[in-house]
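Heads up, the thing below is written out as structure tokens.
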Amino acid sequence: MSASRLRSTTWEDLVSRMEPMHARGLEIVALDNLQPKANQLQLEPEHLWGLIGGTEGLRRMRNNADLLIALAAYVQRWNFEEGVIVTERMRHDAVQLKRAIFRIRFDMMIRRSQIRAPFYIHQAASAYYLMTRRLIALYETSHAGLLPRLAEAL
Numbered sequence: 045m046s047a048s049r050l051r052s053t054t055w056e057d058l059v060s061r062m063e064p065m066h067a068r069g070l071e072i073v074a075l076d077n078l079q080p081k082a083n084q085l086q087l088e089p090e091h092l093w094g095l096i097g098g099t100e101g102l103r104r105m106r107n108n109a110d111l112l113i114a115l116a117a118y119v120q121r122w123n124f125e126e127g128v129i130v131t132e133r134m135r136h137d138a139v140q141l142k143r144a145i146f147r148i149r150f151d152m153m154i155r156r157s158q159i160r161a162p163f164y165i166h167q168a169a170s171a172y173y174l175m176t177r178r179l180i181a182l183y184e185t186s187h188a189g190l191l192p193r194l195a196e197a198l
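For reference, each letter of the sequence shown is one residue, going 45 to 198 in the working numbering.
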């Protein structure tokens, strides 16, 4: 969907287009990367892959990323300044997410050794997790009335 078309879409439409993710699995993978603890080799590559939902999870993260940005941009209607800043941060997160997904898919396509895959899985999950946390925080301060429906969709 084009950026101009996303801008003209209603809030309810944007939320309804979100594809469900395994939020707890993504959180486990993201926090494993963002908040390192002792025994950092606890999550095996196969486990990481399962927690994010495999190739289907990657596809959904990629598709949802643009919707998350559109939902942040929507906030600009009633909280312009914070909406602009958070939207831009989320755009940067989305670049990292899409770059990591591209690397995973490219390595799979050329059948390159999957030794780097765990790093890219961590990057993708972390970027997506940050996008959702930023969006929830933005709605907490800007439009708490919409927050329950948004949280349910995420």
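C-beta atoms are modelled at their ideal positions from N, C-alpha and C, and glycine is treated no differently. Computed from a prediction, not measured in an experiment: that's the story for all the values here.
Is DSSP giving P64 helix, strand or coil here?
-> Of the three classes helix, strand and coil, the one that applies to P64 here is coil, per DSSP.
Grouping DSSP H, G and I as helix and E and B as strand, with all else coil, what is T53?
-> It is coil, neither helix nor strand.
With contact counted as at least three CB pairs below 8 Å, one residue from each stretch, are the region 115-122 and the region 89-98 in contact?
-> Contact between the region 115-122 and the region 89-98 is absent, because fewer than three Cβ pairs lie under 8 Å.
Would the beta-carbon of R177 fall within 8 Å of that of I145?
-> A distance of 8 Å or more separates the beta carbons of R177 and I145.
W93, DSSP secondary structure in three states = Note: W93 maps to helix in three-state DSSP.
With a cut-off of 8 Å, does the C-beta of L194 fall near any C-beta of chain B?
-> The structure shown has no chain B; it contains just one protein chain.
Taking L85 as the reference, give the member of F163, R104 and A181 with the closest Cα.
-> The shortest C-alpha separation from L85 is found at F163.
If you count every other CB in all the chains shown that lies within 10 Å of the CB of I113, and 16 or more means buried, which is it?
-> Around the beta carbon of I113, a 10 Å sphere encloses 16 or more other beta carbons of the protein chains shown; the residue is thus reported as buried.
Spatially closest choice to L70 from A197, I129, R155 and L102, by CA coordinates = Out of A197, I129, R155 and L102, L102 has the C-alpha closest to the C-alpha of L70.
Segment limits, alpha helix (DSSP H) that includes K142 | From DSSP, the alpha helix (DSSP H) with K142 extends over F124 to M153.
L198: which of L58, S52, M65 and A109 sits nearest, CA to CA?
-> For L198, the closest of L58, S52, M65 and A109 by C-alpha to C-alpha distance is M65.
Rounded C-alpha distance that separates I148 from I159 | Cα to Cα, the separation comes out at about 10 Å.
How would you label T131, buried or exposed, when you count the other beta carbons within 10 angstroms and need 16 or more for buried?
-> Answer is buried; the Cβ neighbour count reaches 16.
Measure the alpha-carbon distance for A138 versus P192 and round it to whole angstroms.
-> The straight-line gap from Cα to Cα measures roughly 23 Å.
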